[in-house]
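A short write-up of the structure that comes next.
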Amino acid sequence: MLSNLGNILLFLNVILSLSIIYAANRNLKTSGAVDKNIFQLSLIQSTSIIICFFILIAAFIVSDFSLITVYQNSHSLKPLFYKIAGTWGNHEGSLLLWAIILSIFSFYFLVYNKNHPKKFRLLTLIIQNILILGFLFFILFNSNPFSKISPIPSEGLGLNPILQDPALAIHPPLLYVGFVGASIYFSAAIASLITNYSEKSFSLSIKNWVLISWCFQTLGILVGSIWAYYELGWGGFWFWDPVENASLLPWFAMTALFHSLIVFEKRNLFYFWVIILCLITFTLSVTGTFLVRSGILNSVHTFASDPTRGIYILIFLSLMIFGSIFLLFQKYKKENYDLNRNSKETFILVNNWFMMFYLITVLLGTIYPIFTDALTDNKISVGPPFYNAIIFPVVVVFLLFMALGPKAKWIKNKFENIRTYILILTGAIGLNLAIIFFFKGYSLLSNFIIISALFLIISSLMDTAKALKKNKLDFARIISHTSFGFLVLFIGLNDIFSLEKDYNIKLGETKKFENYSIQLQNLDLKNYKNYQAVIGKLEIKNINSNQTNILNPEIRIYDKPKTLTYEAAIKTSLIKDYYLTMSNIDRSDYYNIKFQKKPLMAWIWISVIMIVVGGSIRLFSNAKNN
Numbered sequence: 004m005l006s007n008l009g010n011i012l013l014f015l016n017v018i019l020s021l022s023i024i025y026a027a028n029r030n031l032k033t034s035g036a037v038d039k040n041i042f043q044l045s046l047i048q049s050t051s052i053i054i055c056f057f058i059l060i061a062a063f064i065v066s067d068f069s070l071i072t073v074y075q076n077s078h079s080l081k082p083l084f085y086k087i088a089g090t091w092g093n094h095e096g097s098l099l100l101w102a103i104i105l106s107i108f109s110f111y112f113l114v115y116n117k118n119h120p121k122k123f124r125l126l127t128l129i130i131q132n133i134l135i136l137g138f139l140f141f142i143l144f145n146s147n148p149f150s151k152i153s154p155i156p157s158e159g160l161g162l163n164p165i166l167q168d169p170a171l172a173i174h175p176p177l178l179y180v181g182f183v184g185a186s187i188y189f190s191a192a193i194a195s196l197i198t199n200y201s202e203k204s205f206s207l208s209i210k211n212w213v214l215i216s217w218c219f220q221t222l223g224i225l226v227g228s229i230w231a232y233y234e235l236g237w238g239g240f241w242f243w244d245p246v247e248n249a250s251l252l253p254w255f256a257m258t259a260l261f262h263s264l265i266v267f268e269k270r271n272l273f274y275f276w277v278i279i280l281c282l283i284t285f286t287l288s289v290t291g292t293f294l295v296r297s298g299i300l301n302s303v304h305t306f307a308s309d310p311t312r313g314i315y316i317l318i319f320l321s322l323m324i325f326g327s328i329f330l331l332f333q334k335y336k337k338e339n340y341d342l343n344r345n346s347k348e349t350f351i352l353v354n355n356w357f358m359m360f361y362l363i364t365v366l367l368g369t370i371y372p373i374f375t376d377a378l379t380d381n382k383i384s385v386g387p388p389f390y391n392a393i394i395f396p397v398v399v400v401f402l403l404f405m406a407l408g409p410k411a412k413w414i415k416n417k418f419e420n421i422r423t424y425i426l427i428l429t430g431a432i433g434l435n436l437a438i439i440f441f442f443k444g445y446s447l448l449s450n451f452i453i454i455s456a457l458f459l460i461i462s463s464l465m466d467t468a469k470a471l472k473k474n475k476l477d478f479a480r481i482i483s484h485t486s487f488g489f490l491v492l493f494i495g496l497n498d499i500f501s502l503e504k505d506y507n508i509k510l511g512e513t514k515k516f517e518n519y520s521i522q523l524q525n526l527d528l529k530n531y532k533n534y535q536a537v538i539g540k541l542e543i544k545n546i547n548s549n550q551t552n553i554l555n556p557e558i559r560i561y562d563k564p565k566t567l568t569y570e571a572a573i574k575t576s577l578i579k580d581y582y583l584t585m586s587n588i589d590r591s592d593y594y595n596i597k598f599q600k601k602p603l604m605a606w607i608w609i610s611v612i613m614i615v616v617g618g619s620i621r622l623f624s625n626a627k628n629n
């Protein structure tokens with residue numbers, strides 16, 4: 004019953020998309036406003052695909068194992084929360100959620116852009132529905148969540164245990180809004196090229212959509228990073244995992260795009276920067292989808308290892324890329340910026356080039372192992388040393404530009420109060436030297452990063468003081484930029500003062516290192532609803548302060564599916580985290596204990612949240628003004 008109803012709704016959405024394309028194309032040839040029937044069709048489309056998704060949720064809740072997707076990703080004993088989250092924690096369900104977001108964005112773009120040219124809006128709608136059709140056909144014929152299995156199994160295989168986590172339940176939907184949200188300004192960019200709608204008002208039609216996707220993408224990356232921190236045993240805020248990188252690539256493009264929109268709106272410049280970045284952002288989103296779902300990446304995040312799925316997405320991606328490039332070159336006109344060296348426009352242009360540098364570096368590091376494997380049959384990995392060596396030195400210069408850019412004037416090529424910024428830089432160097440002297444920690448690159456971060460923070464705080472006097476406070480920019488400065492500062496301090504030790508230890512044994520001791524005091528076996536857990540009791544003692552902490556890492560044995568996971572024990576404070584993982588050593592009484600002291604981890608997460616707060620303030624401010 005659920006299978007049949009789900010498939011009917013999927014086919015209905017195909018018909019609705021075709022109807023919207025047909026109706027919009029007919030309406031293009033008439034004068035007057037957009038046909039009301041198009042609004043109604045778009046609303047019905049969004050509503051029906053949402054109902055379709057709720058049907059899939061219902062199938063997971065009632066454990067309808069007649070559906071292959073439910074059978075492969077659920078179990079009758081699984082907690083209700085994870086049954087629901089399992090709906091989008093798999094390949095088929097996640098793509099259905101993509102289709103929902105595509106249709107919702109399509110409808111609301113049509114509704115909220117009534118002041119823009121009719122032809123531009125209708126063409127955006129047509130292109131968006133072509134994308135919807137592409138995903139619907141993929142779902143129907145390659146990844147149908149309502150495909151049935153016969154005979155019907157009595158029990159499901161269960162969801163991957165590492166995915167059974169509250170953070171990972173909300174992480175994918177957040178990222179999907181970021182990824183898929185980029186589709187609407189991709190469609191708008193194509194429509195802009197076709198209609199020659201290159202006025203400043205074009206930026207007004209897409210800037211809020213860029214901010215929405217950017218905020219959700221940032222939150223999605225944050226939640227995923229927190230999940231990886233405590234679930235995967237990595238012990239850090241970022242591991243440069245290939246699938247992590249796939250989520251970061253569109254973020255760089257979104258960031259550059261939003262800043263380009265500021266210039267386009269103020270000065271009617273950077274139109275083709277805006278168009279190119281719109282195209283790049285969604286292309287990278289689909290690229291990330293291809294990398295994750297093709298199985299060509301070796302990552303704990305990957306959804307599938309079926310290359311046939313990847314081939315379809317690769318074809319779809321290729322059509323998008325080549326079609327966009329063809330149209331772009333056909334319409335491209337060289338823009339003569341004639342920018343003054345020290346103008347705000349120039350600094351934003353430099354910002355764009357920084358973002359492109361980061362994007363290309365991460366992209367090459369992510370895909371290089373794929374080509375190496377294909378051409379030489381040698382499997383290699385590109386990890387943190389590569390990215391840290393290339394990206395972090397550039398970050399130092401980037402932060403200085405980020406601090407100076409807001410001080411520059413539009414058009415004018417003159418800086419004010421140069422001496423002030425020399426004093427700020429001197430103060431930042433002085434604070435860094437104080438950190439080295441009092442805390443006895445030093446790393447050449449990290450300390451340079453700390454200096455540049457302090458420069459940005461102090462400059463932004465001074466901007467706040469000046470703006471308050473003039474009653475012209477740009478809360479959004481100041482909060483985001485200052486928080487980014489704090490983020491980099493805490494990352495630099497975290498790198499310098501982190502401590503990591505790895506021991507093989509048996510019950511009752513104590514290990515001492517630096518001013519700490521660690522003892523395995525007890526092991527306890529507990530049974531839970533869907534797994535068993537070996538729970539360690541370890542005492543971490545600071546010998547100097549005589550402060551003691553008890554941490555309880557776990558080894559979990561899941562039955563459905565048969566899986567062994569290692570759950571980190573984390574003692575969090577605003578100053579530092581104690582991070583402990585425990586794993587068994589086969590056929591011995593010893594356990595491998597990995598202890599890490601991670602300074603200021605909480606502030607790294609808080610800084611990212613504040614960056615999103617700044618973006619949200621800008622979004623609500625734009626919505627109010629429009």
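According to the working numbering, the sequence shown is numbered sequentially starting from 4.
For glycine and all other residues, C-beta sits at the position ideal for the given N, C-alpha and C.
Here the structure is a predicted model, which means the values were calculated and not measured.
Please work out which residues of its chain come closer than 6 Å, Cβ to Cβ, to Pro-564, disregarding the five sequence neighbours upstream and downstream, and give them in chain order.
Leu-160, Gly-161
Length-filtered (3 minimum) beta strand (DSSP E) runs lying within the region 525-582:
534-545, 550-554, 557-561, 566-570, 572-575
To which residues of the same chain is Phe-14 closer than 8 Å at the C-beta, ignoring the five residues directly before and after it?
Leu-143
Limits of the unbroken beta strand (DSSP E) element including Lys-514:
513-516
Could you spell out the range, first to last residue, of the alpha helix (DSSP H) harbouring Glu-234?
204-234
Heavy atom of the ligand ATP less than 6 Å from the Cβ of Val-183, yes or no?
The ligand ATP is absent from the structure shown, which contains no ligand whatsoever.
What are the start and end residues of the beta strand (DSSP E) that includes Gln-599?
593-602
Straight-line Cα distance separating Asn-450 from Ile-596
30 Å
Straight-line gap, Asn-163 to Phe-63 (C-alpha atoms, nearest Å):
15 Å
Please report the residue range of the beta strand (DSSP E) in which Glu-503 lies.
502-509
How close, in whole Å, do the beta carbons of Ser-109 and Ile-133 come, if the pair is a contact with beta carbons under 8 Å?
Rounded, the Cβ-Cβ distance is 11 Å, inconsistent with contact.
Among Ile-427, Phe-493, Tyr-582, Ile-588, whose alpha-carbon lies nearest the alpha-carbon of Asn-507?
Ile-588
Using CA atoms only, rank isn't needed, just tell me which of Asn-545, Gly-433, Glu-557, Leu-222 is closest to Leu-526.
Glu-557
Excluding the five sequence neighbours on either side, which residues of its own chain have a C-beta within less than 6 Å of the C-beta of Gly-9, listed in chain order?
Cys-55, Ile-58, Phe-149
Where does Ser-263 fall in DSSP's three states?
helix
For Ile-18, which residues of its own chain have a beta-carbon under 7 Å away from its beta-carbon, when the five flanking residues on both sides are left out?
none
Please name the residue or residues paired with Gln-131 in a DSSP beta bridge.
The partner list for Gln-131 (beta bridge, DSSP) is empty, contrary to what the question assumes.
Do Leu-362 and Leu-252 have their beta-carbon atoms positioned less than 7 Å apart in this structure?
yes
Please state whether the Cβ-Cβ distance between Ala-170 and Trp-241 is less than 7 Å.
no
In angstroms, rounded to a whole number, what distance separates the CA positions of Ile-283 and Gln-522?
52 Å
Under three-state DSSP, which class holds Ser-520?
strand
Would you check if the region 271-290 and the region 402-412 touch, i.e. whether three or more CB-CB distances between them fall below 8 Å?
no
Bounding residues of the alpha helix (DSSP H) (the contiguous stretch that carries Asn-345)
Segment: none, Asn-345 is in no alpha helix (DSSP H) and carries neither H nor E.
One or two residues paired with Leu-70 in a DSSP bridge
Lys-151
Going by beta-carbon coordinates alone, are Trp-606 and Phe-458 separated by less than 7 Å?
no
Compute the Euclidean distance between the alpha carbons of Ile-461 and Ile-427, then round it to the nearest angstrom.
7 Å
In this structure, what does DSSP give as the bridge partners for Ser-586?
Asn-595
Evaluate the contact criterion for the region 38-54 versus the region 95-107: three or more CB pairs, one atom per stretch, below 8 Å.
yes
Cα separation between Ser-576 and Met-465?
29 Å
Say whether the region 325-335 touches the region 194-209, bearing in mind that this needs 3 or more beta-carbon pairs closer than 8 Å, one atom from each stretch.
yes
Which runs of the alpha helix (DSSP H) spanning at least 4 residues fall entirely within the region 66-125, listed in chain order?
71-76, 83-88, 94-115
Quick check: Met-585 and Gly-539, are their CB atoms within less than 7 Å of each other?
yes
When the distance is taken between beta carbons, is Leu-280 closer than 7 Å to Ala-249?
no
Starting from Ala-26, trace the alpha helix (DSSP H) both ways and give me its first and last residue.
5-31
Presumed contact (8 Å Cβ cut-off) between Thr-369 and Ile-393, rounded CB distance:
The pair is not a contact, with the Cβ atoms about 13 Å apart (cut-off 8 Å).
Going by C-alpha to C-alpha distance, which of Leu-235, Ile-155, Leu-46, Ile-546 sits closest to Thr-72?
Ile-155
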